[in-house]
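Each residue of the sequence shown is one higher than the one before, starting from 1 at the first, in UniProt numbering.
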Amino acid sequence: MVEDRGKEVLVDIQSVEDWLSHAQELVPVALDKAREVKGFPGRWKMIISKLEQIPSRLSDLSSHPCFSKNALCKEQLQVVSKTLKEAIELAGLCMGENYGGKLRMQSDLDALSGKLDLNLRDCGLLIKTGVLGEATLPLAVASSSTEPEAAIHSNTRELLARLQIGHLEAKHRALDTLVEVMKEDEKAVLAVLGRSNIAALVQLLTATSPRIREKTVTVICSLAESGSCENWLVSEGLLAPLIRLVESGSTVGKEKATISLQRLSMSAETARAIVGHGGIRPLIEICRTGDSVSQAAAACTLKNISAVPEVRQNLAEEGIVKVMINLLDCGILLGSKEYAAECLQNLTASNDNLKRAVVSEGGIRSLLVYLDGPLPQESAVGALRNLVSSVSTEMLISYGFLPRLVHVLKSGSLGAQQAAASAICRVCTSAEMKKLVGEAGCIPLLIKLLEAKSNSVREVSAQAISSLVSLSQNRRVVKRDDKSVPNLVQLLDPIPQNTAKKYAVASLASLASTKKCKKLMISYGAIGYLKKLTEMDIPGSKKLLERLERGKLRSLFSKK
């Protein structure tokens, strides 16, 4: 043991130049010995060809400007020297035929050949990929730096470099350290991360060791969530191994892989690629059977994918409609329910087949029940808006559609209120439904929405009112509301940003049958607006202008 400790001390104090000299001295010895061997000729011929490449790699390494300052160079030379010694020992055993069986020696020679391949590859990586230039000084030197931040970056570069060179166990140790570093200072890692480091991490995702895959995907998940290197991750082939982990990884591996896909799928291009790599089925399976975090991440990923119109049919074929409706009803986390509502809104945006599928699977009832909960309502109301034209009035009434719509118009977010107003526009295709909407109390709420700051909210509210006032009893409700005429006249403003003009004209034309309403329109400046709208050829504006001007003239003559 004393002798072993002495050897360790000797290894530590030798300089990188000493190790270079040592390796260079071992190469001709190893070659001479290898050439003398008579047995296993095929294997030794291959080993000799690899030994002959080492001098040029050592020359390239030693000529690099960072050679004498870099801890990785010294370590690489130590590994090369160890491999050369092993070659000399095995050659000696073969020449003396002093080995414990032919099969065992064949295995040892194959292992030696693999080590030589790894040595040659790692020497090349240190030069060609810039790892050598990125890596740190020896730790003791770096730690004594007068710039703490520079020392941290320097050490992090070396850590990342170690993911690319050496055997799998060495990379495993580097991963352990990298996970801890990212917990403490993720920004330090992101500041020095390079594309070659990303490529090395992606390669480690396919390692045979489940532990290495799990730790690697933990690092990748942090990188994906940082939002700083999505393009590198995808371009280096990350998606396929991530999807395989979702399919068959450990519990932690599945969770981290699914969260990574959630973040990456925000890009439409990446969402398409996930579909192309067969990602839909394993994500749907996670929605069915995964734990709470994985389920929510998978639901969000599928929601992101469903935003891409051309892949919606692919999603449907894998059974997404039933799964999302089930999440609406039974999602473990509230987030899962919200993502499911958003996904159903996307799926029903334009595809009639998907609309029918959602209706047939009981989606209307589930969406309406969702509206009774504490979650954001916009997506659920948006999905209902997309579906109302696919179901009968009787079904909507029996499910309590209108009371819930009123509740959203009263207290929902502006986006949910807009979706509710849009749903009214779509559902009011018959006099019967217009009557029911009016009786439910929607009209005063729509009139109030005409004051919203959002152009799109004002437009859809004016559109709903213009449809509803075609029914006499609804017109009476609008006339009784003191804000209706002033709000509608304001929407006659001819500025391009005001997209509600034509609906305001249509609504006011329906109200202009009474003197009171006409007087209000005139007093709030409708004539001036209508003159400009007539010049712009807004439908109905000329006719309404003429009616108001006749009313104004009669009023003048009656005063006289």
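Glycine included, every Cβ here is placed at the ideal spot set by N, Cα and C.
So what's residue i in DSSP terms, helix, strand or just coil?
i, result
"Arg162", "coil"
"Ser267", "coil"
"Thr289", "helix"
"Pro210", "helix"
"Leu545", "helix"
"Leu445", "helix"
"residue 562", "Because the chain here runs from 1 to 560, residue 562 falls outside it and cannot be looked at."
"residue 561", "Any question about residue 561 goes unanswered here, given that the chain covers just 1 to 560."
"His172", "helix"
"Pro376", "coil"
"Cys123", "helix"
"Asn498", "coil"
"Glu52", "coil"
"Asp352", "helix"
"Pro65", "coil"
"Met105", "helix"
"Gly227", "coil"
"Met536", "coil"
"Gln14", "coil"
"Tyr370", "helix"
"Lys38", "coil"
"Tyr399", "coil"
"Thr429", "coil"
"Ala392", "The amino acid at residue 392 is misidentified as Ala; the sequence shows Ser. Reduced to three states, the DSSP call for Ser392 is coil."
"Val202", "helix"
"Gly382", "helix"
"His22", "helix"
"Val308", "coil"
Looking only at its own chain, which residues have a Cβ that is under 8 Å from the Cβ of residue i, when we skip the five neighbours before and after it?
i, result
"Ile88", "Leu26, Val29, Ala30, Lys33"
"Lys410", "Leu445"
"Gln106", "Phe40, Arg43"
"Val359", "Leu387, Ser390, Val391"
"Lys518", "Ala512, Arg547, Leu548, Gly551"
"Asn231", "none"
"Ala462", "Leu450, Leu488, Leu491, Ala500, Tyr503, Ala504, Ser507"
"Asp110", "Arg43"
"Leu402", "Leu396, Leu436, Val437, Ala440, Cys442"
"Ser467", "Ile424, Cys425, Cys428, Lys434"
"Asp481", "Ile443, Pro444, Ile447"
Enumerate in chain order the residues of its own chain whose CB-to-CB distance from residue i is below 6 Å, with the five nearest sequence positions on each side excluded.
i, result
"Ala316", "Leu354"
"Ile527", "Leu548"
"Leu283", "Ala298, Thr301, Leu302"
"Gly202", "The sequence shown places Val at residue 202, not Gly. Excluding residues within five positions, the ones whose Cβ falls inside 6 Å are Glu236, Gly237, Leu238."
"Val321", "Ala357, Val358, Glu361"
"Gly415", "Glu378"
"Leu405", "Ala420"
"Pro486", "Tyr524"
Identify which residue in the options has its Cα closest to the Cα of residue i.
i, options, result
"Val234", "Ile259, Glu225, Ala273, Glu214", "Ala273"
"Val179", "Gly382, Ile212, Ala199", "Ile212"
"Ile332", "Arg288, Cys343, Val192", "Arg288"
"Leu488", "Ser507, Leu471, Arg476", "Ser507"
"Lys337", "Asp372, Ala357, Glu247", "Asp372"
"Leu51", "Ser62, Asp110, Lys74, Asp117", "Asp117"
"Tyr399", "Gly363, Gln417, Gly412, Cys94", "Gly363"
"Gly253", "Ala268, Ser209, Arg281", "Ser209"
"Val457", "Val293, Leu544, Asn498, Leu120", "Asn498"
"Leu375", "Ile305, Ile465, Gly412", "Gly412"
"residue 604", "Ala340, Asn346, Glu318", "Summary: the structure shown does not reach residue 604, with the chain confined to residues 1 through 560, and so no result is reported for it."
Here's a check: name, in chain order, each residue in its chain whose Cβ is nearer than 7 Å to the Cβ of residue i, leaving out the five neighbours to either side.
i, result
"Lys542", "Thr534"
"Met433", "Thr393, Val427"
"Ala207", "Leu168, Arg213"
"Leu77", "Val16, Trp19, Leu20, Ala23"
"Ser228", "Leu190"
"Ala419", "Glu378, Val381, Gly382, Arg385"
"Ser226", "Glu186, Leu190"
"Ser222", "Met182, Glu186"
Confirm the yes/no value for this check: CB of residue i, any heavy atom of the ligand ZN, distance under 7 Å.
i, result
"Gly101", "The ligand content of the structure shown is nil, which means the ligand ZN is not present either."
| said: Taking contact to mean 3 or more Cβ pairs, one atom from each stretch, closer than 8 Å, check whether the region 161-168 and the region 85-101 are in contact. | reply: Not touching, per the Cβ criterion.
| task | Starting from the N-terminal side, write out each stretch of the alpha helix (DSSP H) that is 4 residues or longer and does not extend beyond the region 450-518. | result | Runs found: 455-468, 472-480, 484-490, 501-511.
| In chain order, which beta strand (DSSP E) runs of at least 3 residues are fully inside the region 323-352? | none
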